Amino acid sequence: LRVLPLLRSRFDFALIDAAKEEYLDYLRSLEPRLVRGAVVVADNTGMFRREVMPYLDHVRGSGRYRTREYDVGGDCMEVSILS
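The numbers in the sequence shown follow our numbering, run straight up by one, and end at 270.
Below is the structure:
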């Protein structure tokens, strides 16, 4: 989280697989740098549902993303595309 504000590039892909309670913080730090159509993948959204729920509420309810959860055999990944 400390490094993200220092990045100057724009991104079309991001994988979030970190402290589960901080997923939304990571996404909010990345959002100003994401290009339209960027794909954001959040790992372990099934096993850690409670911990990542603020993140899921944001990508599913903000109206900014088209998002879908994929079951990958015992766990899930949320794949979101910035509109």
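Glycine included, every Cβ here is placed at the ideal spot set by N, Cα and C. Predicted model only: the values in this text are computed from it and were never measured.
I need the straight-line Cα distance from Pro241 to Thr232, nearest angstrom please. 11 Å
Tell me the rounded alpha-carbon separation between Gly248 and Arg237. 16 Å
Can you name the start and end residues of the alpha helix (DSSP H) that Met240 belongs to? Arg236 to Gly248
What residue from Phe235, Phe198, Glu209 and Asp204 has the CA that sits closest to Glu218's CA? Phe198
Would you tell me roughly how many angstroms separate the C-alpha atoms of Arg189 and Asp212, rounded to the nearest one? 11 Å
Do Asp204 and Asp230 have their CB atoms nearer than 7 Å? yes
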